[in-house]
Each structure stands twice: as structure tokens, then as C-alpha cells.
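Have a look at the structure below before the remarks.
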Amino acid sequence: MNHHSFLPRFVAALALCATSTTVLSVAGAPAHASDYSAADRIAELIDEVAPSQGQVEQTDATSAAFSTDVADLPLTDSAPVSVAGGDVPLHVYLPEETATGHGVGAADGTVVYKSSHSGADVAAQVLASDKVRIQKVIHGPGDPHEFTYELGNGYMPLQAADGSIWAYRFDQNGAIDIYGVGEAWARDADGAVVNTHYEIRGNSLVQVVTPTGETVYPVVADPTWEWYNAAYGAGFSKRETRDLANLGGIAGLCSSLWRWPALGAACGIAGFQWWTQAGLAVNADGCVFIAAVPAPLAVRWLSSACR
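Per numbering that gives the first Met the number 0, the sequence shown starts with residue 0, numbered consecutively.
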């Protein structure tokens, strides 16, 4: 076992303070009053129907983004949302299915990207809880109901054994940076729950919204992104990965982890995924990284220490 590969730090949310300057302009150009009224209407709808996850923070409008200490929300949909936390921030691009333009700040701090052709709008928020929400507002059955979030800056999406969704990357030393994605949700104009789920397609996270004949538009749907300071887990060498994959299945793998109680305890939930990922890593002549915190997950270990 490569002891330097352990990450014995437990999950802790950042305690970052956001700024409190009201957004008055975009990239130095004054916004039209109609833009602000439309942005405020979107923000009010979200406030009425979205699950409460904390107060929306105000942002500072700079020449590059709407900024807080937690995240930079882009001026236009061609640039990504940048979520701070790890050494390398997570980049999330606004949904490619929406044809939005420049962002406009609503009075409560929400940044709204209105559709240029009466389609779905996008609204981004930095919350006092240090979470970042990127919501879609679907105005009618003819609007898109699938939304693709491409990840950037080296991050990849992952579904853990417990069903939770994460975005992760490894640094040059093999340590993991990881962001959690909140459970998918969607609400209609009456606040009723609308069926929705995530799918991982390549390097993108896709939210699929499935309305019914009872759904009242507009519908608000969201993924919420939050940084975690580390994972508790270990990277295994190629030899160790082969051993894990050849231990006679899940029971053998779990029994081999007795030296690491947290991993051993989580193996009962995640053993099949861990064993499967170890086998895939062996087939690729690689290594596996297994974590118990913040979620029971296993991924191919991208590190120079994989040897």
C-alpha cells in the first residue's frame, strides 16, 4: 500500500463569506429595465417553488463574471460557472440545450440567462450555504426537457454505489478533489414535484425532466453543486488492484480491507461497484482508488504513483 496516497481528511464544508454588492451592470454596459423585471420574475418564481437551501448571496459584477468567494457566474453562456474549493476549481458549462445570452442580476442576487427564442431560461445562484445552484425554467411542453452540463478543468462525473452523483479529479500527487451534486429536483408552478433524474453521458451530467398531463408550467429544475474538502480513501498500486479484483468476488475484497475500518464498513454497501472498478482498472493496466467518505465510490486512480 502506498501510504502517501491516503487522504485521512473528513468532509467539512467551506466557511466562505460572499460579498454583498448589488449587481447593477453587465460588463460595463447598463442593462435594460425590461431585463431586470424579467430576471426578478424568474428569481421570484424560484423562491416560491424551489426547495429551501439557504439565502441567495449577492455578487460583484466584474469585467469577467458575477463573482463571490464561492463561485464565479459567467457573463454569458459561452463561459463556465466556476465553483471554488479545491486547488483547481470545478467548471460547469450552462446547458447546451438552452440558447441564452448575457446574464442579468436580479434584486436577490440570482443571475438570469434569458432564452433568446422563448425557450428554457437558466438561473444561477450562489447560496449562503456555500452551494451553487444552476436552475432551468421550462416555460412549456415545447421547451427542452433534457439539460446537459459539460464539466471542465479536468473534472469527470461519477455515480457512487449509494446513487449519489459526484464530480472529481486527481491532482499531480494522486490526491482527489471532489464536488457533490445534490439530488435532482423539479417543481412546477404550483410547487408540485415533477419527475426528474440524472444521467452520466461521457464527461457530462444530464438532467432529464419528465412532466405529466397534470404538470403546470413553468417548471423549475436544478442540480446543486458543493465542494467537499477531501475523500477518505486510498489509491492502490497495480499489483494491489489485481489482488482486489482476484479475491474471489465481493466477500474477498471486503475481507481484505480490514486494516482500514472505514473502507471495510462501507464495502458492504459498495462492494460490487468496488470489485467491478478494480477489474476495469486491471483490464486497462491501471490502478483503482476506493473511498468511503464523502460517498462509497471507486474510480480508476489517475496518478503517477499508479505503478
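Where a beta carbon is used, it is the ideal one built from N, C-alpha and C, also for glycine.
Name the residue from the options whose alpha carbon lies nearest to the alpha carbon of residue i.
{"i": "residue 105", "options": "37, 271, 153", "result": "37"}
{"i": "residue 239", "options": "222, 206, 281", "result": "281"}
{"i": "residue 65", "options": "110, 94, 90, 46", "result": "110"}
{"i": "residue 279", "options": "293, 261, 298", "result": "298"}
{"i": "residue 232", "options": "157, 145, 292, 99", "result": "292"}
{"i": "residue 60", "options": "199, 103, 287", "result": "103"}
{"i": "residue 222", "options": "210, 265, 197", "result": "197"}
{"i": "residue 136", "options": "128, 159, 96", "result": "96"}
{"i": "residue 125", "options": "242, 261, 42", "result": "42"}
{"i": "residue 162", "options": "191, 183, 177, 170", "result": "183"}
{"i": "residue 323", "options": "300, 39, 75", "result": "Outside the shown range of the chain (0 to 306) lies residue 323, about which nothing can therefore be said."}
{"i": "residue 174", "options": "302, 39, 40", "result": "302"}
{"i": "residue 58", "options": "67, 271, 52, 50", "result": "67"}
{"i": "residue 261", "options": "296, 91, 237", "result": "296"}
{"i": "residue 188", "options": "289, 70, 63, 139", "result": "139"}
{"i": "residue 115", "options": "82, 76, 195", "result": "76"}
{"i": "residue 305", "options": "276, 272, 235, 271", "result": "235"}
{"i": "residue 210", "options": "219, 93, 100", "result": "219"}
{"i": "residue 53", "options": "40, 191, 127, 158", "result": "127"}
{"i": "residue 154", "options": "180, 129, 133, 134", "result": "180"}
{"i": "residue 62", "options": "285, 132, 101, 112", "result": "101"}
{"i": "residue 194", "options": "201, 186, 200", "result": "186"}
{"i": "residue 284", "options": "275, 250, 270, 241", "result": "241"}
According to DSSP, which residues form a beta bridge with residue i?
{"i": "residue 82", "result": "70, 89"}
{"i": "residue 218", "result": "137"}
{"i": "residue 167", "result": "155, 177"}
{"i": "residue 225", "result": "179"}
{"i": "residue 48", "result": "Looking at the DSSP assignment, residue 48 forms no beta bridge with any residue, so it has no partner."}
{"i": "residue 150", "result": "91"}
{"i": "residue 194", "result": "209"}
{"i": "residue 120", "result": "136"}
{"i": "residue 186", "result": "192, 219"}
{"i": "residue 242", "result": "Bridge partners of residue 242: none, in fact."}
{"i": "residue 102", "result": "112"}
{"i": "residue 58", "result": "DSSP lists no partner for residue 58."}
{"i": "residue 145", "result": "207"}
{"i": "residue 232", "result": "290"}
{"i": "residue 64", "result": "73"}
My guess is that residue i and residue j are in contact by the Cβ rule of under 8 Å, so how many angstroms apart are they, rounded?
{"i": "residue 141", "j": "residue 56", "result": "With a Cβ gap of about 34 Å, residue 141 and residue 56 do not count as contacting."}
{"i": "residue 72", "j": "residue 80", "result": "6 Å"}
{"i": "residue 224", "j": "residue 91", "result": "6 Å"}
{"i": "residue 85", "j": "residue 98", "result": "Residue 85 to residue 98, Cβ: 31 Å. No contact."}
{"i": "residue 243", "j": "residue 270", "result": "About 10 Å; that fails the 8 Å criterion."}
At a cut of 8 Å, does the segment 260-276 reach the segment 202-216 through at least three beta carbon pairs?
no
Between the segment 248-256 and the segment 138-151, do three or more beta carbon pairs fall short of 8 Å?
no
Kindly provide the ranges of any alpha helix (DSSP H) runs that are 4 or more residues long and lie completely inside the segment 247-305, ordered along the chain.
249-255, 260-282
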